[in-house]
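> Handing you a structure now.
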């Protein structure tokens, strides 16, 4: 009977175990790194898509609402000398802090059944502080957001009241310009109660820039919005009050 050699009965040495564990750890780290990179890439793409969609939605909504801007010279029939509401279109140049626009519009959407609301509203677009961004060290960086204010009842204070909400976050630039239909000039501000008395601009140019979720060139959205009714509504206005403007914008 032949005896087995000692070599055939030899077990795994400690060095071989260590080498196997090292190879296994290397493979596991490579697999984890690949999945982590895929996860971070997916998160970045989703964040970029969400940020881009947010900017497009904000510009689209502002365009729809600005198109429905209006001015009115109506007075109560029982007391024509009494003014109970004020319609305006006032664009303020805010420089590096962002512009502001306050106006009245026919763009309100009634969502509640039987609600005592019309399609008229007061609207404002303005820049507000965000304070949501974080640095790599865990600190906060001041950010700017684009806000929208809406009041469903037009009163004598069309720049205040109502409910505000955020349209876009991490805004880098918010610039508005107004084309004068009489001169054809583009202006940085507009005031229907002063220089442009009872007139609306022919076009409003909107430029909105939003920071990316990774360092780089911001997303930039630019559009020109036409306004259909540039002269104030005067039908039904009592005669003899001297309230009808002598010349209306064609």
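Residue numbers (the working numbering): 100 to 349. Cβ coordinates follow ideal geometry from the N, Cα and C atoms, glycine included. On a predicted model such as this, the values are computed, not experimentally measured, just so you know.
How is the beta strand (DSSP E) around residue 228 delimited, first residue to last?
From DSSP, the beta strand (DSSP E) with residue 228 extends over 220-228.
> For residue 187 and residue 263, which I take to be in contact (beta-carbon distance under 8 angstroms), what is that distance rounded to the nearest angstrom?
Rounded, the Cβ-Cβ distance is 18 angstroms, inconsistent with contact.
> Identify which residue in 208, 281, 276 has its Cα closest to the Cα of residue 194.
When only C-alpha atoms are compared, the closest one is 276.
> For residue 308, which residues in the same chain have their Cβ closer than 6 angstroms to its Cβ, ignoring the five residues on either side in sequence?
Hits under 6 angstroms: 271, 272, 317, 319.
> Does chain D have any CB closer than 8 angstroms to the CB of residue 211?
Protein chains in the displayed structure number just one, and chain D is not present.
> Tell me where the beta strand (DSSP E) around residue 199 begins and ends.
Looking at the DSSP string, the run of the beta strand (DSSP E) that includes residue 199 is 199-204.
> Mapping the DSSP letters down to three states, classify residue 112 as helix, strand or coil.
Three-state DSSP puts residue 112 in coil, outside helix and strand.
> DSSP state of residue 135, grouped into three classes?
Helix, per DSSP.
> Out of 204, 198, 241, 221, which has the shortest C-alpha to C-alpha gap to residue 374?
The requested residue 374 does not occur in the structure, where the chain is confined to residues 100 to 349.
> Out of 285, 322, 298, state which residue places its alpha-carbon closest to the alpha-carbon of residue 353.
Limits of the chain in this structure are 100 at one end and 349 at the other, which puts residue 353 out of reach.
> Under the DSSP definition of a beta bridge, which residues are partnered with residue 278?
DSSP, once it has assigned bridges, lists 285, 302 as partnering residue 278.
> Please say whether residue 172 and residue 333 have beta carbons closer to each other than 8 angstroms?
Going by C-beta atoms, residue 333 is nearer than 8 angstroms to residue 172.
> Smallest Cα separation from residue 328: which of 202, 225, 166?
The option with the nearest alpha carbon to residue 328 is 166.
> Under the assumption that residue 247 contacts residue 266 (Cβ atoms under 8 angstroms), give the Cβ distance between them as a whole number of angstroms.
Correct: roughly 5 angstroms between the Cβ atoms.
> Please list, in chain order, all residues of the same chain as residue 190 whose beta carbon is under 7 angstroms from its beta carbon, the five residues on each side excluded.
Correct list, in chain order: 198, 200, 275, 277, 288, 289.
> With H, G and I counted as helix, E and B as strand and the rest as coil, what does DSSP make of residue 308?
Correct three-state label for residue 308: strand.
> Might you give, ordered along the chain, the residues of its own chain that have their beta carbon closer than 7 angstroms to the beta carbon of residue 256, omitting 5 neighbours on each side?
So no residue of the chain qualifies.
> Using beta-carbon positions only, say whether residue 164 and residue 125 come within less than 8 angstroms of one another.
No.
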